[in-house]
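Enquirer:
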Amino acid sequence: MSLPIQVTFLLADWVVKGLKDGTFERVGGVIREVASKKIVTWLRDTNSVAPSVSSFAANPV
């Protein structure tokens with residue numbers, strides 16, 4: 653069984669421009685330069701649940 657999940661990202665204008673003109677590519681959760689494969693930014697979702705999950709993972713019991 654598959655569970656569809658929709659994730660929303662807020663992208664800076666320079667990232668959008670790079671994706672549109674082919675300078676950058678999205679690979680999983682990162683944006684990287686096509687030519688060098690160097691990561692330029694990590695994607696972070698805007699869902700309100702994410703901070704709770706992150707803080708739980710950072711502070712295991």
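Residue 653 is where the sequence shown starts when you use my numbering, and the numbers rise one by one after that.
Glycine included, C-beta positions come from ideal geometry on N, C-alpha and C.
Going by Cα to Cα distance, which pick from G670, R696, L695 is closest to E685?
Expert: G670
Enquirer: Along the chain, where does the beta strand (DSSP E) that runs through V668 open and close?
Expert: Here V668 belongs to no beta strand (DSSP E); instead the alpha helix (DSSP H) covers 665-673.
Enquirer: Taking the alpha-carbon positions, what's the A655 to D697 distance?
Expert: Per the sequence presented here, residue 655 reads as Leu, with Ala not at that position. Going from the Cα of L655 to the Cα of D697 covers about 18 Å.
Enquirer: Identify, in the order they occur along the chain, each residue of the same chain with its Cβ nearer than 7 Å to the Cβ of K643, setting aside the five sequence neighbours on each side.
Expert: Lying before the first or after the last residue shown, residue 643 is absent from the chain, which here runs from 653 to 713.
Enquirer: Within its chain, find whatever has a CB closer than 8 Å to the CB of V705; leave out the 5 residues flanking it on each side and keep chain order.
Expert: Annotation note: pLDDT 41 at V705 (below 50); position unreliable, coordinate value reported separately. Closer than 8 Å at Cβ, skipping near neighbours: no residue.
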